[in-house]
């Protein structure tokens, strides 16, 4: 499939299941309890310790993937609370971050609006809480579809 400016790039820096970046124990030990528990249960911490991939190698691999599917600066960064992902990328993977359009498609905005304006729609979203990047991306896409079908007026 060729590049398409209508493709959307969904992202979750869980700090990612497909490409696991090595971090030293000093970084892992500095994580707060929530991150240690969540990423310990998912197995991510063990995979990070075992990885030999550097941040630069991960950035190059992810950028090469995006270059196959989207022209530069056409897709907003999509996902839940992507501002956090963008801040991380600006600091650690600036070339990858620069591939995205400056806009975000943040599903969390719709979540917050539904919570306030239509609690029944908000409560209709079911999440597994797996906290792996792929699972979170799939849930985010499903959540956006839920809001599209039940919250937004598209006629």
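Residue numbers (this note's numbering): 1 to 155. In this text, a Cβ means the ideal position worked out from N, Cα and C, and glycines have one as well.
In the three-state DSSP reduction, residue 62 falls in the helix class (H, G or I). Taking residue 19 as the centre and dropping the five residues before and after it, the same chain places the C-beta of 53, 58, 61, 62 closer than 7 Å to its C-beta, in chain order. For residue 79, the enclosing beta strand (DSSP E) begins and ends at 77 to 79. The shortest C-alpha to C-alpha distance from residue 10 to any of 34, 153, 119, 143 is the one to 143. Annotated three-state conformation of residue 125 is coil, per DSSP.
For residue 104, the enclosing beta strand (DSSP E) starts and ends at 104 to 106. When rounded, the separation of the alpha-carbon atoms in residue 100 and residue 65 is 13 Å.
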